[in-house]
Amino acid sequence: MLGVAGLPGSGKTTFALDLVAALAERHGSGHVGHVPMDGFHLADAQLERLGLLDVKGAPETFDAEGYAALLARLRDDTADPVYGPGFERTLEQPVAAALVVLPAVRLVVTEGNYLLDRHPRWRTSRARLDAVWWVEVDEQLRQTRLVERHVEFGKTPEEARAWVERVDEANARAIRDRSDAPDLVVQAGPDGTLVGTEGCVGAAG
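Quick note: the sequence shown uses my numbering, first residue 52, plus one each step.
See below:
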C-alpha cells in the first residue's frame with residue numbers, strides 16, 4: 052500500500068488520481084485501488100457535538116482509528132471486497148461504503164494530510180503502509196488553491212481567506228512540525244503533474 056501525504060492544497064488527490072489512472076492504463080483497472088483518507092472526516096453532527104465544527108480538517112476531526120482499521124483490512128483480507136467511506140465535497144460530508152477495493156487489486160493508493168504524523172493515533176496507519184510519498188508544491192499556489200476550493204463549495208472569498216488563515220494554515224503548521232520523513236518527495240507543477248522527485252523510494256506493494 053502506498054500513501055500520498057502533503058499539506059492542505061498541495062495537490063495530493065490530483066497526484067494520487069493521476070497515478071492510479073497511469074497504473075490502471077499500464078496494468079489494467081483491476082490492478083490498483085484508491086482509498087482517500089477524506090472518508091474518515093467526522094460528520095458535522097459529531098463535530099458539533101464535540102465543539103470542533105469550526106476547525107474541520109484538523110487532526111482531531113478525523114476517525115484515525117477507523118482509518119487504521121480499514122488499512123488493516125485491506126492488508127489482511129485479500130479474499131473479499133473491502134468497502135470504505137468516501138467524502139462528498141458538495142455536501143462536505145463522509146458517505147459510508149462509497150468505495151470498494153476488490154480482491155484482484157494488488158496496489159492500494161491512499162492519500163491524506165496526516166499519514167506521516169508522529170502522534171500515536173496516526174502512527175498505526177503509517178505502520179500499515181509500505182511507503183509514503185510527500186507532494187510538495189509552490190506555497191503561494193497551495194494557498195490560492197485552498198481559497199478557490201472553499202469558494203467553489205459555498206464560502207464567500209472573504210470567508211474562504213479567513214478559513215485558510217485560521218484553520219488550514221494552522222493545520223499546515225502542525226503537519227510540518229509533527230511529520231516524519233517521507234520515502235520520496237514529489238515536486239508537483241501548477242497542474243498537478245510531476246516535475247521532479249527527491250529522496251529514497253520504499254517498497255510499495
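Glycine residues also receive a C-beta, built at the ideal position from the N, C-alpha and C atoms.
Since the structure is predicted, the reported quantities are computational estimates derived from the model, not experimental observations.
Taking Cβ positions, are residue i and residue j nearer each other than 9 Å?
i, j, result
"residue 215", "residue 188", "no"
"residue 66", "residue 237", "yes"
"residue 54", "residue 161", "yes"
"residue 184", "residue 115", "no"
"residue 132", "residue 145", "no"
"residue 167", "residue 239", "no"
Where does residue i fall in DSSP's three states?
i, result
"residue 255", "Summary for residue 255: the model assigns pLDDT 37, below 50, so the residue's position carries little reliability; its value from the coordinates is reported in the next sentence. Reduced to three states, the DSSP call for residue 255 is coil."
"residue 61", "coil"
"residue 82", "helix"
"residue 171", "helix"
"residue 215", "helix"
"residue 115", "helix"
"residue 207", "coil"
"residue 198", "helix"
"residue 235", "strand"
"residue 192", "helix"
"residue 160", "strand"
"residue 53", "strand"
"residue 182", "strand"
Thinking residue i and residue j are a contact (beta carbons under 8 Å), I'd like their distance in whole angstroms, please.
i, j, result
"residue 223", "residue 58", "5 Å"
"residue 186", "residue 63", "5 Å"
"residue 232", "residue 179", "Not really, about 18 Å apart at Cβ, beyond 8 Å."
- request: Assess, as a yes-or-no matter, whether the segment 71–91 is touched by the segment 125–139 under the definition of 3 or more beta carbon pairs within less than 8 Å.
  value: These segments touch.
- prompt: Below 8 Å, can you find three or more Cβ-Cβ pairs linking the segment 97–107 to the segment 71–82?
  reply: Taking 8 Å as the limit for Cβ pairs, the verdict is that the segment 71–82 does not touch the segment 97–107.
- request: Kindly provide the ranges of any alpha helix (DSSP H) runs that are 4 or more residues long and lie completely inside the segment 96–155, ordered along the chain.
  value: For the segment 96–155, whole alpha helix (DSSP H) runs of length 4 or above, ordered along the chain, are 115–127.
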